[in-house]
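There are 2 protein chains.
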Amino acid sequence: MYVRLHTFEVVAIDPQTKARAGILRTDHGLVETPVFMPVATQGAIKALDHRIAAALGYSILLSNTYHLYLRPGTDALRALGGLHQMIQWAGAILTDSGGFQVYSLGALRRILDDGVEFRSHIDGSRHLFTPESVIATQRAIGSDVMMSFDECVGYPCTRHDAESALQRSIRWERECLHVHQNSAPLYGFRQQLYAIIQGSVYPDLRRQSIEELCALPFDGYAIGGLAVGEPAETMYEITDFCTDLLPLDKPRYLMGVGSPANILRSIALGVDMFDCVMPTRNARNGTIFTTRGRINIRNQRFKFSHEPVEPAWNELGVEAHSLGYLRHLFVSGEILGLTLATWQNLAFYRWLVRTARQKILDGTFRQWSKEFLEQYYPEQG
Amino acid sequence: MYVRLHTFEVVAIDPQTKARAGILRTDHGLVETPVFMPVATQGAIKALDHRIAAALGYSILLSNTYHLYLRPGTDALRALGGLHQMIQWAGAILTDSGGFQVYSLGALRRILDDGVEFRSHIDGSRHLFTPESVIATQRAIGSDVMMSFDECVGYPCTRHDAESALQRSIRWERECLHVHQNSAPLYGFRQQLYAIIQGSVYPDLRRQSIEELCALPFDGYAIGGLAVGEPAETMYEITDFCTDLLPLDKPRYLMGVGSPANILRSIALGVDMFDCVMPTRNARNGTIFTTRGRINIRNQRFKFSHEPVEPAWNELGVEAHSLGYLRHLFVSGEILGLTLATWQNLAFYRWLVRTARQKILDGTFRQWSKEFLEQYYPEQG
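Residue numbers (this note's numbering), protein chains in the order written: chain A, 11 to 391; chain B, 11 to 391.
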């Protein structure tokens with residue numbers, strides 16, 4: 011007899027906050043939560059071999075349905091055996107549904123009742139995403155966690171617009187679940203499906219979204235439509251409101267978040283999963299996150315410094331390169347600078363989240379988090 | 011008593027060609043010759059962490075005096091403990107003297123009797139390179155093998171111009187040797203000094219260059235002023251002429267060469283050391299060297315191919331990525347594509363040269379080389 015294990019389990023709850031330590035089960039291994047997922051939009055972390063991410067302890071990557079649908083395309087994805095096989099990644103993969111990307115296309119997209127018509131940002135060709143097509147593409151990708159297709163709204167957004175987008179999202183997400191339940195994975199392993207909670211900054215809409223979607227057997231729940239320009243305090247308030255209503259036994263994923271402070275504060279609100287371009291994009295701009303603070307590596311003051319970029323390099327799993335060398339690589343336009351900076355930032359994010367998890371298990375998360383943020387952001391002290 | 015070992019030893023000579031297998035001794039380890047030196051102009055291999063080059067078996071890198079003098083500058087090089095320490099490279103380093111780079115500046119440089127005045131390609135600032143300053147910069151770099159400062163000429167070059175450049179080069183190189191013998195390394199390990207044979211395509215000038223420079227105690231001899239636009243056959247003829255005259259017990263380094271065919275044919279002529287941007291630069295343009303031939307990875311025919319880029323990936327020490335994935339990375343503009351292509355090309359070059367060495371030791375170099383080139387360049391068969 012086949013026993014289907016729960017795909018998610020909470021193993022500890024912090025007594026002083028809503029922070030949780032959990033385990034997400036996929037057919038590509040276990041994922042300890044809270045987790046930060048490096049962004050590999052087109053099947054590659056920008057400037058870093060994902061084998062290095064694996065060596066840092068990352069067990070799940072985020073990739074993107076919209077981008078992979080356009081390039082290499084679903085026919086190539088199938089020919090190459092799905093995304094895991096294509097990129098040679100043994101861990102888990104979550105794919106965003108493309109809802110946020112087609113929303114971001116602005117004038118290039120038109121929202122219809124049954125989907126979104128858009129023009130490719132690459133060649134202007136015309137395409138239609140529907141709940142059914144988005145699940146089919148994620149079947150071709152073979153992601154362990156698929157996201158439902160939703161309609162994103164920006165900030166600010168009128169209550170009227172937020173409500174009509176929400177109704178459409180709920181209808182599309184129901185349909186995604188239906189398609190999911192009536193189709194089979196292509197590569198012999200299970201795929202989970204998460205719903206995305208919308209409702210902008212309106213608590214009653216958020217509540218409605220949660221009530222309708224949590225009545226359905228999704229494997230997890232994302233909080234979408236935040237980190238789109240609203241004040242950080244608003245983001246925390248809506249997140250707090252949502253996690254009070256979301257089921258305790260399902261993973262919560264706060265999409266597109268965020269800075270070290272955003273992540274620690276959201277973990278305290280009961281969020282389990284995060285993704286953000288910040289560590290990788292900032293790396294390529296020369297902004298380096300280290301355990302002693304955030305620095306701009308191009309700064310002249312590092313020119314002669316033989317101090318290691320990361321004092322705890324051994325603990326974090328990075329090379330012991332000096333500030334002076336990394337600065338030289340950036341000033342000289344060497345690609346290796348982008349690689350080493352990305353490596354460092356992802357090592358830091360991994361360290362941050364795995365330390366947070368350990369502190370939750372130890373029951374000291376609240377105090378540690380407070381002290382860490384005070385020393386990390388002294389200007390806000 | 012301190013016994014100074016010979017810095018170079020020939021361990022085998024091919025009975026059918028002039029090919030040699032040797033060992034170059036440095037204070038940063040042994041280098042088996044023939045050797046190909048990856049180009050790390052500014053203290054980094056473009057798009058590839060040099061730890062991967064080390065893992066591929068590379069034991070010596072090439073870097074550049076001109077570029078490092080401008081950036082990070084000799085003061086920073088000294089503050090960072092020299093180039094080995096700065097880039098965290100445990101192997102050997104050879105530095106070109108900057109003669110070729112200032113020659114390449116064209117209108118930005120003026121050749122004087124005692125050196126070359128030039129303007130920086132970065133900010134237009136004015137600088138002077140002399141034999142003395144070039145050795146001082148290479149002391150600050152701390153390269154295991156320093157190159158003498160010479161005056162390069164292009165192709166074609168009149169006999170008159172070649173002769174006057176040669177006289178100046180010989181004078182400068184003598185002075186480099188004098189400065190070398192009367193100055194100490196900065197970081198506690200030995201630095202060798204090589205001379206550069208010039209004389210363009212004129213055998214009598216090449217002979218004069220060799221006779222004058224080989225009478226002096228340089229540690230090795232480079233053949234310069236080739237691979238600057240002359241026909242390949244001319245390059246082979248001049249190389250052949252030079253290696254007939256060069257001392258058997260000193261390493262011979264053919265600067266800036268070359269393609270797989272150039273390297274195998276020059277090994278047959280008795281050359282021990284090579285460097286070239288070809289494997290790294292071509293990689294970034296999507297030209298991939300593999301054991302089954304050279305390919306352009308952007309080609310549409312690879313879109314659906316799950317064949318590995320390199321069939322002998324395990325033997326060469328590369329990841330088993332598919333042609334389809336590498337093509338996707340290039341078409342999508344992912345930096346990881348540049349990294350994986352560079353990795354592959356340097357793995358191929360390393361395989362080519364270490365196989366050549368083994369065949370010399372086995373006494374089968376001539377036959378192997380002939381067969382390899384016939385199958386690698388079928389269009390020339």
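Note that beta-carbon positions come from the ideal geometry of N, C-alpha and C, so glycine has one too. A quick note: this is a predicted structure, and the numbers were derived from the prediction, not measured.
Less than 9 Å between CB atoms is the rule here; does residue i satisfy it with respect to chain B?
i	result
L371 of chain A	no
P289 of chain A	no
T297 of chain A	no
S135 of chain A	no
G334 of chain A	yes
V144 of chain A	no
V341 of chain A	yes
I345 of chain A	yes
G4 of chain A	Beyond the ends of chain A as shown, which are 11 and 391, falls residue 4 of chain A; an answer cannot be given.
Here's the rule I'm using: 16 or more other beta-carbon atoms within 10 Å means buried, otherwise exposed. How should residue i be labelled?
i	result
W133 of chain B	Per the sequence presented here, residue 133 of chain B reads as Asp, with Trp not at that position. By the 10 Å Cβ count, D133 of chain B comes out exposed.
A57 of chain B	buried
M11 of chain A	With a pLDDT of 47 at M11 of chain A, under the threshold of 50, the predicted position of this residue should be treated as unreliable, though the coordinate-derived value follows. Label assigned to M11 of chain A: exposed.
P321 of chain A	exposed
D199 of chain B	The amino acid at residue 199 of chain B is misidentified as Asp; the sequence shows Phe. Exposed, by the Cβ-count rule.
G152 of chain B	buried
A50 of chain A	buried
G116 of chain A	exposed
G239 of chain A	exposed
P25 of chain A	exposed
R275 of chain A	buried
G391 of chain A	Residue confidence is low: G391 of chain A scores 44 on pLDDT, short of 50, so the model does not pin down where it sits. No coordinate-derived value is stated.
T384 of chain A	The sequence shown places Glu at residue 384 of chain A, not Thr. Its Cβ having fewer than 16 others within 10 Å, E384 of chain A is exposed.
R136 of chain A	exposed
L87 of chain B	buried
P257 of chain B	exposed
H190 of chain A	buried
At which residues does the alpha helix (DSSP H) containing residue i begin and terminate?
i	result
M265 of chain A	Where M265 of chain A is concerned, there is no enclosing alpha helix (DSSP H), given that its DSSP letter is neither H nor E.
S219 of chain B	P213 to C224
R119 of chain A	Counting along the chain, R119 of chain A falls outside any alpha helix (DSSP H), though it belongs to the beta strand (DSSP E) covering R119 to L122.
Can you find a CB in chain A that lies within less than 9 Å of the CB of residue i?
i	result
Q148 of chain B	no
Q52 of chain B	yes
M11 of chain B	In this predicted model, M11 of chain B has a pLDDT of only 47, less than 50, meaning its place in the structure is not dependable enough to derive any value.
L314 of chain B	In the sequence as presented, Leu is not what sits at residue 314 of chain B; that position holds Phe. So, interface residue.
S153 of chain B	no
P48 of chain B	no
A65 of chain B	no
K56 of chain B	yes
R181 of chain B	no
H331 of chain B	yes
R311 of chain B	no
T349 of chain B	yes
Taking Cβ positions, are residue i and residue j nearer each other than 9 Å?
i	j	result
V144 of chain A	T75 of chain A	yes
I207 of chain B	P44 of chain B	no
H188 of chain B	G101 of chain B	no
S158 of chain B	F110 of chain B	no
T84 of chain B	Q202 of chain B	no
G334 of chain A	L104 of chain B	no
Y204 of chain B	P141 of chain B	no
L336 of chain B	F358 of chain B	no
A366 of chain A	A29 of chain A	yes
Specify, as a first and last residue, the run of the beta strand (DSSP E) that residue i falls within.
i	result
A205 of chain A	Q202 to I207
T105 of chain A	A102 to D106
A31 of chain B	R30 to T36
L40 of chain A	G39 to T43
T17 of chain A	Looking at the DSSP string, T17 of chain A is not in any beta strand (DSSP E), and its letter there is neither H nor E.
So what does DSSP say about residue i, is it helix, strand or coil?
i	result
D285 of chain B	strand
V363 of chain A	helix
Y76 of chain A	helix
E384 of chain A	helix
G198 of chain B	coil
A54 of chain B	coil
T352 of chain A	helix
N306 of chain B	strand
E142 of chain B	helix
L231 of chain B	It is worth fixing the name first, because residue 231 of chain B is Tyr in this sequence and not Leu. Of the three classes helix, strand and coil, the one that applies to Y231 of chain B here is strand, per DSSP.
P270 of chain A	helix
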